[in-house]
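J.: Which chain is which? The protein sequence lines are R and G, in order. The first sequence: position 262 = 318 (my numbering), numbered continuously. The second sequence: position 26 = 35 (my numbering), numbered continuously.
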Amino acid sequence: MKTFTLGGIHPKGNKLSAQAPIEIFPIPEKVYIMVTQHLGAPSTVIVNKGDRVKVGTLVAKADAFICANVHSSVSGIVEKIDEINDASGYRKSTIIIKVENDEWEENIDRSTNLNRECKLNSKEIVQRIKDSGIVGLGGATFPTHVKYMVPEGKKADFLIINGVECEPYLTSDHAIMLEKAEEIMIGIEILMKALGSKKAMIGIEKNKPDAIKKMQEIASKYNKIEIYPLKVKYPQGAEKQLIKALTGREVPSGKLPIEVGCVVNNIGTALAVYEAVQKNKPLIERVVTVSGKSVKKPSNLRVRIGTPCQLLIDHAGGIPEDTGKIISGGPMMGKALRSPEMPVTKGTSGILLMTEKESKREASSMCIRCAKCVNACPMGLEPYLLQMYVESLRFEDAENHKIMDCIECGSCQYTCPANRELLDYIRVGKSKVGAMMRSRTRK
Amino acid sequence: MKLLTISGSPHIHGGHSVKKLMRGVIVAMMPALLVSFYYFGLSAFIVTMVSVFACMFFEWFIQKFIMKVPTSITDGSAMVTGILLAFNVPSNLPIWIILIGALVSIGIGKMTYGGLGKNPFNPALVGRVFLLISFPVQMTTWPKSGLPFSTLSFDGLTGPTPLGILKGGLSQGETVNQVMSNVDMPRYADLLYGQMGGSLGEVSAIALIIGGLFLIFRKVITWHIPVAFIGTSFIFASILHMVNPELYVDPFFHLITGGLMLGAFFMATDLVTSPMSKTGQLVFGVGCGLLTILIRVWGAYPEGVSFAILLMNATTPLINNAFKPKQFGKAIKLKA
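#1: With 16 other CB atoms within 10 Å as the buried threshold, where does R/G64 fall?
#2: Assuming G/R196 is part of the alpha helix (DSSP H), what are its boundary residues?
#3: Tell me whether G/W307 is buried or exposed, calling it buried when 16 or more other Cβ atoms sit within 10 Å of its Cβ.
#4: Contact criterion: CB-CB distance below 7 angstroms. Does R/L409 meet it with respect to chain G?
#5: Around the Cβ of G/L175, are there at least 16 other Cβ atoms within 10 angstroms (buried) or fewer (exposed)?
#6: For the ligand GDP, I want to know if R/L95 counts as a neighbour, meaning its beta carbon is within less than 6 angstroms of at least one of the ligand's heavy atoms.
#7: If the criterion is Cβ atoms closer than 7 angstroms, does the pair R/A332 and R/R184 meet it?
#8: Using 8 angstroms as the Cβ pair cut-off and three pairs as the minimum, do the stretch 469-477 of chain R and the stretch 421-436 of chain R touch?
#9: From the DSSP output, in three-state form, read off G/D164 for me.
#10: What does DSSP give as the partner residues of R/W160 in its beta bridges?
#11: So which residues of chain G does R/R496 contact, with C-beta pairs closer than 7 angstroms?
#12: Tell me whether the beta-carbon of G/Q290 lies closer than 7 angstroms to the beta-carbon of G/I234.
#13: Whose C-alpha, out of G/G267, G/L256 and G/I230, is nearest the C-alpha of G/F274?
#14: Would you verify that the beta carbon of R/V288 is, or is not, closer than 7 angstroms to some beta carbon of chain G?
#15: How big is the Cα-Cα spacing for R/K262 and R/L286?
#16: Could you work out which residues of chain G lie near R/V430, taking near to mean beta carbons separated by less than 9 angstroms?
#17: Spatial neighbours of G/L222 within its chain, please: C-beta separation below 8 angstroms, excluding the five flanking residues on both sides.
#18: Less than 7 angstroms between the C-beta atoms of G/T80 and G/Q72, yes or no?
#19: Taking only runs that begin and end inside the stretch 130-216 of chain R, name each unbroken alpha helix (DSSP H) of 4 or more residues, in chain order.
#20: Residues of chain G with a CB under 9 angstroms from the CB of R/V359: which are they?
#21: Express the C-alpha separation of R/K337 and R/N169 in angstroms, rounding to a whole number.
#22: Among residues of its own chain, excluding the 5 on either side of R/S144, which ones have a beta-carbon nearer than 7 angstroms to its beta-carbon?
#23: I'd like to know if G/F337 contacts chain R, where contact means its C-beta is closer than 7 angstroms to some C-beta of that chain.
#24: Counting only beta-carbon atoms, is G/T324 nearer than 7 angstroms to chain R?
#25: In this structure, how does DSSP classify G/W69 when only helix, strand and coil are distinguished?
#26: Residues in its own chain within less than 6 angstroms of G/S162 by CB, not counting five upstream and five downstream?
#27: Please return the same chain residues whose Cβ sits closer than 6 angstroms to the Cβ of R/I375, not counting the five positions on each side in sequence.
#28: Enumerate in chain order the residues of its own chain whose CB-to-CB distance from R/S347 is below 7 angstroms, with the five nearest sequence positions on each side excluded.
#29: Determine the burial state of G/K342: buried for a count of at least 16 other Cβ atoms within 10 Å of its Cβ, exposed for fewer.
#30: 7 angstroms is my cut-off, CB to CB: does R/E306 come that close to chain G?
#31: Answer with yes or no whether the minimum CB distance from R/Y470 to chain G is below 7 angstroms.
#32: Mind checking which residues open and close the beta strand (DSSP E) that includes R/S384?
#33: DSSP three-state label for G/F158, please.
#34: Can you give me the Cβ contacts of G/F243 inside the same chain, cut-off strictly under 7 angstroms, excluding the 5 residues immediately before and after it?
#35: Rounded to whole angstroms, what is the Cα-Cα separation between R/S487 and R/S384?
#36: Return no unless some Cβ of chain G is closer than 7 angstroms to the Cβ of R/A372.
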């Protein structure tokens, strides 16, 4: 069975919501749609206070190359355009819409019948993906259409679909694979057409045998799509690690997957592409896992973008007494939220409630050079050394030791017996080194 | 609504701790410790207890009154140093010498550099070599073996180690075969179980291997250093033995006598003083193996494990710079 070679850890799966079916979450009274929900340049707001919008109305437009459109997920009246805290704690421009009824744009096909035939050509598909505001739904939220504009001279041999979901607790992709396998396959076919690649590979970790079985069953109808069960190891869902696991190819340092002839997208993204291309439906909802050891009813909810997390938590049984931390995303790479008021964005794969005990870190002590971080690093870096370089402000040395290759998976800090804050320092170092590199190219 | 904790990812931890690592090492040393109690009796127990408590006391004292930092004796590292120091001395060593050894180990070997994690040399070995050079007579007067559960007092019967017998015999012009037929020389089976003269913890190869495998199984250490160390010693000694079996003893003898097993599993693998990358660890192990046999065969001392490890400790920073872990994405492999 395939897996990646360097490093990796085995955190406990804790997939509490694995058996929970996807529930359609009711439309809230008010949604908070962040203007920038993707990686890249901010979008431009094109609605004003008091405007009437429908489900699927474009509310913020992409002007730059790496940028994504944003659509209204509800129908109603724009109440305010304000700034609220995003998951990282920064104030970000947000469109607040007061919900009235549930009116959809006329061109959206709301039927559930399967639409297999795709008449669009490659260019039109990419344009449709771009218009629909689709971004990577795994959590990194990189605008999807950019990946399908293959640069001159490069060829995409493989389309890789990420069904790994290696983060503990999260089960949204798992749930989608069980319930929407057919749609996902059509989405993958569309993506292959856009890319002109001959083969699609779907990687699924073997801790989801039901999803593997279901997907294999459906994939047998499609001759170019193959399912690969993978050994369970974190961070297999990381783009570079998944490519390595499936194809044996290594994306060179500082390069994109297309360099080795691969394009990677998430299961959820494939589904969104199906809906965008075949049903003309922009990205206005996604599946979110609500989980945690003390959560009464761990669930997978299909939620309109912009719904406050608090409502989702209430649906799952409310905030447990012993909650000490609320995380947007998984426990390895997710962000701790300042308050549950934060709205669901395109990148919210899960909401995790950690108990008081789990939320506190142990006090850190001196590095004992046990090399556990070195052995755990999936990129072959030396986290202990990078941490020391950053602590002593030696950013050039950190750069030479490839600090920018760090994918921030957190494996080093997870294994550190001295409880050192390795990733905290490395993140600071990355932002410093990144700024240093940018100022160099500007000169 | 009460306040939420905010911190960077990752939000979960694997549950490893320095304390657990050290506890693993202590458990792994238990078989060898029990064997030493069996062969050397009460005196081994006394030496170990004195060494452990002295190491812990000195660490506490230095942190509390000299460095004025929170004490860390509960992490177990001082205890490990104490047991390892005891493992490296004869069981009939006078208590005052053990106290000096503990002071040198902890005071000079560890705390002068800033404590656990900062020391370049294995503290227990620093103490042991200091004692070996300062008190050569006491440090090479080994209690006679073969008296299980003996209550040997400090002036009981004494005898040389197998390596000492070998060195002594060879220097008087005897051949290996003649030395091996010496009445003092224990048989191979005895060597394996530990029925021989020697330092307290080094005698039983089997007990040490059990402990070492436990360490590897518990992922406290990796296989790289022990395998490279033992493998290199074996290969180097085999080559010598093949060149001239009259002059050079067979490789198995090297493996199961002296401190080789103790060194390979417990001393060279010291997390703090060994290299970080796997290739670096292999180089380190090979260096230890080569130096050990070099010193044993051509050096003035019959035993060379401690010196070999200390010398290789000194090269650890260089090895760390020269042998980096394999980085992801350095070589592009394109399969059709």
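Note that beta-carbon positions come from the ideal geometry of N, C-alpha and C, so glycine has one too.
T.: If we stick to the structure as given:
#1: Translated into positions along the first sequence, residue 64 of chain R becomes position 8. Counting Cβ neighbours within 10 Å, R/G64 comes out buried, since at least 16 surround it.
#2: To locate residue 196 of chain G, count along the second sequence from 1; it is residue 187. From DSSP, G/R196 is part of no alpha helix (DSSP H); its letter is neither H nor E.
#3: For the purposes of this step, residue 307 of chain G is identified with residue 298 of the second sequence, where counting begins at 1. Answer is exposed; the Cβ neighbour count stays below 16.
#4: For the purposes of this step, residue 409 of chain R is taken as the residue at position 353 of the first sequence. By the rule that beta-carbons nearer than 7 angstroms mark a contact, R/L409 does not touch chain G.
#5: As a position in the second sequence, residue 175 of chain G is number 166, starting the count at 1. Buried, because 16 or more other Cβ atoms sit within 10 Å of the Cβ of G/L175.
#6: As presented, the structure is devoid of all ligands, the ligand GDP included, so that no description of it is given.
#7: Counted from its first residue, the first sequence places residue 332 of chain R at position 276. Counted from its first residue, the first sequence places residue 184 of chain R at position 128. It is a contact, given that the beta carbons lie within the stated cut-off.
#8: yes
#9: By one-based count along the second sequence, residue 164 of chain G stands at place 155. Confidence is the limiting factor: at G/D164 the pLDDT is only 45, short of 50, which leaves the residue's position unreliable, though a coordinate-based value still follows. Of the three classes helix, strand and coil, the one that applies to G/D164 here is coil, per DSSP.
#10: Counting from 1 along the first sequence, the entry for residue 160 of chain R is found at position 104. DSSP, once it has assigned bridges, lists R/V111 as partnering R/W160.
#11: In the first sequence, residue 496 of chain R corresponds to position 440, counting from 1. The premise fails here: R/R496 is roughly 22 angstroms from chain G at the closest Cβ pair, so nothing lies under 7 angstroms.
#12: Position 281 of the second sequence holds residue 290 of chain G. Position 225 of the second sequence holds residue 234 of chain G. Cβ distance < 7 angstroms, so G/Q290 and G/I234 count as in contact.
#13: For the purposes of this step, residue 274 of chain G is identified with residue 265 of the second sequence, where counting begins at 1. Nearest C-alpha to G/F274: G/I230.
#14: Within the first sequence, the letter at position 232 stands for residue 288 of chain R. False, the Cβ-Cβ gap to chain G never drops below 7 angstroms.
#15: Taking the first sequence and counting its residues from 1, the one referred to as residue 262 of chain R is at position 206. Taking the first sequence and counting its residues from 1, the one referred to as residue 286 of chain R is at position 230. Those two C-alpha atoms are separated by around 6 angstroms.
#16: As a first step, residue 430 of chain R must be located in the first sequence, where it is residue number 374. The answer, in chain order, is M285, S286, K287 and P334.
#17: Working through the second sequence from its first residue, we reach residue 222 of chain G at position 213. Cβ neighbours of G/L222 beyond the five flanking positions: none.
#18: Counting from 1 along the second sequence, the entry for residue 80 of chain G is found at position 71. Counting from 1 along the second sequence, the entry for residue 72 of chain G is found at position 63. Yes, the pair counts as a contact, with Cβ atoms nearer than the cut-off.
#19: 178-187 and 200-203
#20: Residue mapping note: residue 359 of chain R aligns to position 303 of the first sequence, counting from 1. Neighbours of R/V359 on chain G: none; closest Cβ ~21 angstroms, over 9 angstroms.
#21: One-based indexing of the first sequence puts residue 169 of chain R at position 113. One-based indexing of the first sequence puts residue 337 of chain R at position 281. Between the alpha carbons of R/N169 and R/K337 lies a gap of roughly 14 angstroms.
#22: Taking the first residue of the first sequence as position 1, residue 144 of chain R is located at position 88. So the qualifying residues of the chain are K391.
#23: In the second sequence, the residue the question calls residue 337 of chain G occupies position 328. Yes, G/F337 lies at the interface with chain R (some Cβ there is under 7 angstroms from its Cβ).
#24: Position 315 of the second sequence, counting from 1, holds the residue named residue 324 of chain G. Interface annotation, G/T324: not in contact with chain R, CB-CB separation never under 7 angstroms.
#25: By one-based count along the second sequence, residue 69 of chain G stands at place 60. DSSP places G/W69 in helix when its eight states are reduced to three.
#26: Against the second sequence, residue 162 of chain G aligns to sequence position 153. Because the pLDDT of G/S162 is 44, which lies under 50, any placement of that residue in the model is unreliable, and the number read from its coordinates should be weighed accordingly. Within the same chain, G/S162 has no close Cβ partners at all.
#27: For the purposes of this step, residue 375 of chain R is identified with residue 319 of the first sequence, where counting begins at 1. Closer than 6 angstroms at Cβ, skipping near neighbours: I369.
#28: Here the question's residue 347 of chain R lines up with position 291 in the first sequence. These residues qualify, in order along the chain: L72, S73, Y225, P354, G406 and L408.
#29: Residue numbering aside, residue 342 of chain G sits at position 333 when the second sequence is read from its first letter. No answer about G/K342 holds up, because its pLDDT of 48 lies below 50 and its placement is not dependable.
#30: Locating residue 306 of chain R in the first sequence gives position 250, where the first residue counts as 1. So, interface residue.
#31: For the purposes of this step, residue 470 of chain R is taken as the residue at position 414 of the first sequence. Interface residue, yes.
#32: Taking the first sequence and counting its residues from 1, one reaches residue 384 of chain R at position 328. That run of the beta strand (DSSP E) goes T379 to S384.
#33: Counting from one through the second sequence, the residue named residue 158 of chain G turns up at place 149. Low confidence applies to G/F158: its pLDDT is 48, below 50, so where it sits in the model is not reliable, and the reading given next is rough at best. Coil, per DSSP.
#34: As a first step, residue 243 of chain G is located in the second sequence; it is residue number 234 there, counting from the start. Cβ neighbours of G/F243 beyond the five flanking positions: P260 and L264.
#35: Working through the first sequence from its first residue, we reach residue 487 of chain R at position 431. Working through the first sequence from its first residue, we reach residue 384 of chain R at position 328. Straight-line Cα distance between these residues: approximately 21 angstroms.
#36: Your numbering for residue 372 of chain R matches position 316 in the first sequence. It does not: the Cβ of R/A372 has no partner Cβ on chain G nearer than 7 angstroms.
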